[in-house]
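Numbering (the working numbering), first residue to last: -19 to 271.
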């Protein structure tokens, strides 16, 4: 039988004795490292608070309740907030390291990146928030993102657009196509993108640095011709759906190179899923317990 021993909170009192010398100088004992208040919680309790709140997605209220019930010591929601705040301050050096590594990287996924992940919080979601994060403002490599307009304000960045996002948009077009099996421009674009993805995967597997030029040209031409048809079919934009489909086709046409950058530069991933995965747990925590 595996079990835990009874756990109780141990309270340590540190008495700092002061004595006055004959010369009038007062000497006083020094508190141990980390002891800086008349009454405080120790490092182990603080670590558990941060773990439950940030690692297990509990709310401040439930974290405080868990500490009180498990260890018999009262903890307030304010204590949970202060503990996590102090923990974040301890990460400043690490955050600067991560920020620098991402800025210097040749390719990043923008929401976050795969190897090093920097997740920041700001009141504004757009360019102001990105500037505050301190990465894209100094980045000169390839940024993989979802075509959200604020990313394009960074002119020194080489852009690569997420194909998972555009495949979902293309599927929405296909879903609205006639059910009689008639040809749909969005289906041809999807097939061409996925064919290029397979060519890249095969080339990487064979330790090549580029895909076959003839096969690449064939799929690229299929994609471009289908997009041109999509633009033409929805040129009138007389309905909201037609306007949406026209905007999609126009974007793929105008940013053709950005969507296909994965096929010419093997460092660039097909999609931005690495970034999406990194922020998924943060969003899950928000869903479960709020901030």
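Glycine included, each C-beta is placed from N, C-alpha and C at the ideal position.
Worksheet item: Does the segment 189 to 201 come close enough to the segment 167 to 180 to have 3 or more Cβ pairs within less than 8 Å?
Response: Contact between the segment 189 to 201 and the segment 167 to 180 is present, because at least three Cβ pairs lie under 8 Å.
Fill in: Contained alpha helix (DSSP H) runs [length at least 4] in the segment -5 to 37, N- to C-terminal order
You should have 23 to 30.
Discussion item. Looking at the secondary structure, which residues open and close the beta strand (DSSP E) in which residue 89 lies?
Written reply: Annotation: the continuous beta strand (DSSP E) that includes residue 89 extends over 87 to 89.
Practice prompt. Identify, in the order they occur along the chain, each residue of the same chain with its Cβ nearer than 6 Å to the Cβ of residue 142, setting aside the five sequence neighbours on each side.
Written response: Once the five neighbours on either side are set aside, the close Cβ partners of residue 142 are 126, 251, 252.
Discussion item. Quick check on residue -11: buried or exposed, where buried means 16 or more other Cβ atoms within 10 Å of its Cβ?
Written reply: Under the 10 Å beta carbon count, residue -11 is surrounded by fewer than 16 other beta carbons and is classified as exposed.
Fill in: As assigned by DSSP and simplified to three states, the class of residue 139
Strand, per DSSP.
Fill in: Straight-line gap, residue 262 to residue 85 (C-alpha atoms, nearest Å)
Residue 85 has its alpha-carbon roughly 24 Å from the corresponding atom of residue 262.
Worksheet item: If you draw a straight line from the alpha carbon of residue 206 to that of residue 132, how long is it in whole angstroms?
Response: One C-alpha to the other measures close to 25 Å.
Fill in: N-terminal and C-terminal residue of the beta strand (DSSP E) that residue 127 is part of
Residue 127 -> no beta strand (DSSP E), and no H or E assigned at all.
Worksheet item: Among 171, -2, 3, 2, which one has its Cα closest to the Cα of residue 11?
Response: Put simply, of 171, -2, 3, 2 the residue whose alpha carbon is nearest the alpha carbon of residue 11 is -2.
Practice prompt. Take residue 60 as the anchor and find which of 49, 80, 32, 52 has the nearest alpha-carbon.
Written response: That would be 32, whose Cα lies nearest to the Cα of residue 60.
Practice prompt. Give the DSSP-derived three-state secondary structure of residue 55 in the structure shown.
Written response: Three-state DSSP puts residue 55 in coil, outside helix and strand.
Worksheet item: Among 204, 118, 146, 65, which residue has its Cα nearest to the Cα of residue 136?
Response: For the residues 204, 118, 146, 65, the minimum Cα distance to residue 136 belongs to 118.
Discussion item. Let me check understanding here. Comparing Cα to Cα, which of 45, 52, 70, 223 lies closest to residue 58?
Written reply: Per the Cα distances, 45.
Practice prompt. Could you check the C-alpha separation between residue 19 and residue -6 for me, to the nearest Å?
Written response: Residue 19 and residue -6: Cα-Cα distance of roughly 10 Å.
Worksheet item: Taking residue 72 as the reference, which of 187, 148, 225, 113 has the closest Cα?
Response: Scanning 187, 148, 225, 113 for the CA closest to the CA of residue 72 turns up 113.
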